[in-house]
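Following the working numbering from start to finish, the sequence shown increments by one per residue and tops out at 1072.
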Amino acid sequence: MKFLLPLLLLTLPLQAATIETVAGNGKAGYDGDGAAAKNATLNQPFGVIVGPDKDIWFTDTNNHVIRRISHKDGKISTVVGTGQKGYSGDGGPADKATLNEPYEIRFDREGNLFWVERLNHVVRRLDAKSGRVNTVAGTGEKGFSGDGGPGDKAQLNQPHSIQFDKDFANLLICDISNNRIRAVDMKTGNISTWCGNGKKDATPDGAKVSAEVPLKGPRALDIAPNGDLWLALREGNAVYRIDARCVATCMRLAVVRQGSVLDLSPHRRATCKVTRCAPVRRRLLL
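As structure tokens, this is what we get:
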């Protein structure tokens, strides 16, 4: 059974947090554009971020679109996608492109929007100036190939999560079914394997980030204000902190119980099963 949840906003600080519905009426569907977001119907929304325009942007995954909620009037609109599943529209306007299960979204420093399409096996980009869509990584066919060459000539396999490194020099991609994290150089557009050897073996605590390190299902990636990266391994049932201050870029195990909040000061180990992680004000939400 699939569960549909409206988009919720957790208001900080966490000690006195309140939850408010900002989009969705709890019913599955696709309508409501141009009206109050709370009255709109969504279908399994997933990735969400506050954009440089202060609007809330999110992936309406099973509607195959990316939508936006205005911070000024609370109205919702579709920015990318037609609502039809597919893979088309590169080089054209965002509202004419077809997507296939967009999962996560990020903005770069210039305000360009990047997102993952899991079932198209691609990462795509919306140019902030031209309003046109293009593919950054992936060919539309699942597989593993292309390291050292252009990202749009390489193959991915069900990518789930993306995040920029602290300098926005590289876009990191959780290439989950390849058990790797890939990196697209933002200057050259070339792709490489940043971490992972393709094997589903346990990741050693303290290992250096390299293409020789095993990763068991890299599922979600996020960054803390200090530049540390946090990586959730789905099959590995663990969260790793990738230390930005470590000269060799080390991976440290930081495991807590699912659904809990982790203070980023020294912590205890425990068992967990995680699919998402997000650092918020020296806490890690799982």
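Ideal placement from N, C-alpha and C gives every residue a C-beta, glycine not left out.
Residue of the options minimising C-alpha distance to residue i
i       : options                               : result
Lys939  : Pro1000, Ala822 and Arg910            : Arg910
Ala1024 : Ala1010, Asn1012 and Leu1001          : Leu1001
Asp841  : Ala1018, Ser978, Lys861 and Ala883    : Lys861
Asn983  : Ile962, Thr974, Arg918 and Asp991     : Ile962
Leu905  : Asn829, Gly929, Asp913 and Glu896     : Gly929
Gly869  : Ile959, Ala823, Gly837 and Asp819     : Asp819
Gln949  : Ile1009, Arg1020 and Ile1028          : Ile1009
His907  : Asp1029, Ser931 and Thr974            : Ser931
Trp980  : Pro1011, Leu1017 and Ala988           : Leu1017
Thr807  : Ala823, Pro1011 and Ile852            : Ala823
Arg895  : Ala880, Gly934, Ala883 and Asp839     : Asp839
Ala1030 : Gly1022, Glu1021, Leu1015 and Arg1020 : Leu1015
Lys915  : Ile1028, Ala880 and Asn849            : Ala880
Leu958  : Val902, Asp987 and Leu912             : Val902
Thr974  : Asp987, Leu1007, Asp933 and Asn943    : Asp933
Leu885  : Gly897, Phe900 and Gly872             : Gly872
Phe900  : Lys882, His946, Glu927 and Lys985     : His946
Asp987  : Gly1022, Ala1006, Ile805 and Leu1007  : Gly1022
Val851  : Lys858, Arg1020, Ala883 and Asp859    : Ala883
Thr845  : Leu828, Tyr1026 and Ser874            : Leu828
Gly816  : Val865, Val866, Asn848 and Gly837     : It is worth fixing the name first, because residue 816 is Tyr in this sequence and not Gly. For the residues Val865, Val866, Asn848 and Gly837, the minimum Cα distance to Tyr816 belongs to Asn848.
Integer-rounded CB distance, given that residue j should sit under 8 Å from residue i
i      : j      : result
Ala826 : Ala809 : 6 Å
Gly761 : Asn976 : Given that the chain is displayed from residue 787 to residue 1072, the structure contains no residue 761 and the question cannot be resolved.
Pro990 : Asn965 : Contact flag wrong, Cβ pair sits at about 15 Å.
Arg853 : Gly878 : Actually they are not in contact, since the Cβ atoms of Arg853 and Gly878 sit about 19 Å apart, beyond 8 Å.
Gln944 : Glu927 : Not quite, the Cβ-Cβ distance comes to about 12 Å (not below 8 Å), so this is no contact.
Asp913 : Asn898 : 6 Å
Residue i, enclosing beta strand (DSSP E) - first and last residue
i       : result
Leu912  : Val908 to Leu912
Ser916  : Per DSSP, Ser916 belongs to no beta strand (DSSP E) and is neither H nor E.
Ile891  : Pro888 to Phe893
Glu998  : It is not in any beta strand (DSSP E) - Glu998 carries neither H nor E in the DSSP assignment.
Asp961  : Asn956 to Asp961
Gln949  : Ser947 to Phe950
Arg1027 : Ala1024 to Ile1028
Thr979  : Ile977 to Cys981
Asp938  : From DSSP, Asp938 is part of no beta strand (DSSP E); its letter is neither H nor E.
Asp1076 : Shown here, the chain extends from 787 to 1072; a query on residue 1076 therefore has no answer.
Phe930  : Per DSSP, Phe930 belongs to no beta strand (DSSP E) and is neither H nor E.
Asp987  : First-last for Asp987: undefined, no H or E at that position.
Pro1004 : Pro1004 to Ile1009
Glu903  : Leu899 to Glu903
Ala969  : Arg966 to Asp971
Ala1018 : Leu1015 to Leu1019
Three Cβ pairs or more, each shorter than 8 Å: is that satisfied between the region 826-837 and the region 885-893? Note that the region 826-837 touches the region 885-893; at least 3 beta-carbon pairs, one per stretch, sit closer than 8 Å.
Tell me, please, whether the region 943-962 touches the region 985-999 by the rule of three or more beta-carbon pairs shorter than 8 Å. Contact between the region 943-962 and the region 985-999 is absent: fewer than three C-beta pairs spanning the two stretches fall below 8 Å.
Just checking, does the region 914-931 make contact with the region 969-979 on the three C-beta pairs under 8 Å criterion? A contact exists between the region 914-931 and the region 969-979.
Let me know the beta strand (DSSP E) ranges lying completely inside the region 807-881, each 3 residues or longer, listed in chain order. The qualifying runs are 831-836, 842-846, 851-855 and 862-866.
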